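FYI, the numbering used here numbers position 104 of the first sequence as 1081, with every residue one higher than the one before it.
Okay, structure first, notes after.
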Amino acid sequence: MRIPHSPPNNAKELLQRAEAIAGLTLGELGASANIVVPENFKRHKGFTGQLIELWLGASAGSKPQQDFPELGIELKTIPIDSYGKVLETTYVCFAHTQVKLGSTWENSSVRNKLSKVLFIPVLGDRAIPPAQRMVGMPVLWIPNAKEDAVLKQDWEELTECISLGKINTITAKMGQALHIRPKAADGSVLTDAIGQEGETIQTRPRGFYLRKSFTQKIIHDS
DNA sequence: GGTTGATCATGG
DNA sequence: CCATGATCAACC
978 MRIPHSPPNN AKELLQRAEA IAGLTLGELG ASANIVVPEN FKRHKGFTGQ LIELWLGASA
1038 GSKPQQDFPE LGIELKTIPI DSYGKVLETT YVCFAHTQVK LGSTWENSSV RNKLSKVLFI
1098 PVLGDRAIPP AQRMVGMPVL WIPNAKEDAV LKQDWEELTE CISLGKINTI TAKMGQALHI
1158 RPKAADGSVL TDAIGQEGET IQTRPRGFYL RKSFTQKIIH DS
C-alpha cells in the first residue's frame, strides 16, 4: 500500500482508507512509509496519531480546525487493549482560560470539534511494542441528542466556573463526559485567566478531555 | 487499578 | 506561548 498524496474527497473515501489499514500494525504502516516506529512512546506520545493522519491523507502539521476541513471530520486515534477497553482519555481542544462574551455551547470549539469524529482504535497496551500494535476498524461518530446534552451540560458547568473566576477550583473530577486537565509542556508554563475578584491571574493552561467511559460507549456501541 | 495531574515532541 | 498529536506516572 502507498500513502495517499491528497485528502479524501468525501466521507466514504475517508472511511475506505481507514478500513484499508485496519488489521495492519504500526510497524507495517511505518515500514511502507519509510518511517521507523519508536521502541516506546515515552518521548513520542503523538506518534500513532500522526502516522494514521499520514495514511488517511490529512494535511500535515497542527491546525486549529478539523483534520479534514472539507468533510468537517475530526480524526482521533484511541488506545484500546486487546479486549477493546479504552485505555486513555481523549484530548479535545484547548480550554480558553478567559471566556469571551457570548460564548455558548453551540458556538464552542468543543462542539465544533466533536460534531463529527472518526475514531480509530489502536492497540495501546504497554506490554505490546508499538511496532506490533494493530489498527482497528474505524468508527464514524456523530453525537446523538443524549450525548450532545451530556457534553453541553459539562461544558456549561466548566465554562461558567472559568468565567466566574474560579478556574483554580476546577479539578478533573468535574464533568460526567467532558472534563478539564492541565495541558502544557510542564508546570512552568503559565497563561492569563480571570481571578475571583475579576483581576487577571496566572494559571496553568488547560485542555478539554473526553472521559474513558464516554469514548468507551461510542466504540462499543458501534 | 483507575484517575488526576504532569509531561513529551513538533510547528507556527 | 498556543495548539496539534497524545501517553506517562504519581497518587488516591
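Note that the Cβ used here is the ideal one computed from N, Cα and C, for glycine as well.
Because the structure is a prediction, the values reported are computed rather than measured.
Between the CA atoms of residue j and residue i - distance to the nearest angstrom
i     : j     : result
T1180 : Q1130 : 24 Å
I1050 : Q1027 : 16 Å
P1107 : R1188 : 23 Å
T1148 : V1087 : 18 Å
A1126 : Q1153 : 11 Å
V1166 : G1034 : 33 Å
T1177 : T1168 : 10 Å
Q1193 : F1096 : 11 Å
K1150 : H1156 : 7 Å
L1031 : G1175 : 45 Å
K1022 : S1009 : 21 Å
E1124 : H1073 : 22 Å
N986  : K1093 : 16 Å
Nearest candidate by alpha-carbon position, reference residue i, set the options
i     : options                       : result
R1158 : P985, C1070 and F1024         : C1070
T1067 : K1053, I1178 and I1105        : K1053
L1006 : I1055, I1196, I1029 and V1116 : I1029
Q1109 : K989, E990, T1002 and P985    : T1002
D1044 : H1073, A1104 and S983         : S983
D1198 : I1119, E1133 and F1185        : I1119
T1081 : E1133, L1128 and Q1042        : E1133
I980  : S1036, V1014 and E1047        : S1036
R1170 : A1161, D1163 and R1183        : Correcting the residue type first, residue 1170 is Ala in the shown sequence and not Arg. Selected option, being the one with the closest Cα: R1183.
A988  : P1015, P1056, G1000 and E1047 : E1047
Residues that DSSP places opposite residue i in a beta bridge
i     : result
G1184 : F1071 and R1158
I1196 : DSSP, once it has assigned bridges, lists no residue as partnering I1196.
A1126 : The partner list for A1126 (beta bridge, DSSP) is empty, contrary to what the question assumes.
T1002 : M1111
Same chain, Cβ closer than 6 Å to residue i, neighbours up to 5 away in sequence not counted
i     : result
I1139 : V1076
N1011 : none
Near the ligand ATP: residue i beta-carbon under 7 Å from a heavy atom
i     : result
P1098 : Inclusion of the ligand ATP in the displayed structure is not the case, the ligand content being empty and no account of it being possible.
Other residues of its chain near residue i: CB distance less than 8 Å, five sequence neighbours each side excluded
i     : result
D1058 : L1064, L1100, G1101 and D1102
Sequence-distant residues of the same chain with beta carbon closer than 7 Å to residue i, five excluded per side
i     : result
F1018 : F1024 and P1107
Quiz item: Contact between the stretch 1108-1125 and the stretch 987-996: three or more CB pairs below 8 Å?
Solution: Taking a cut-off of 8 Å for Cβ pairs, the stretch 1108-1125 and the stretch 987-996 touch, as three or more such pairs fall below it.
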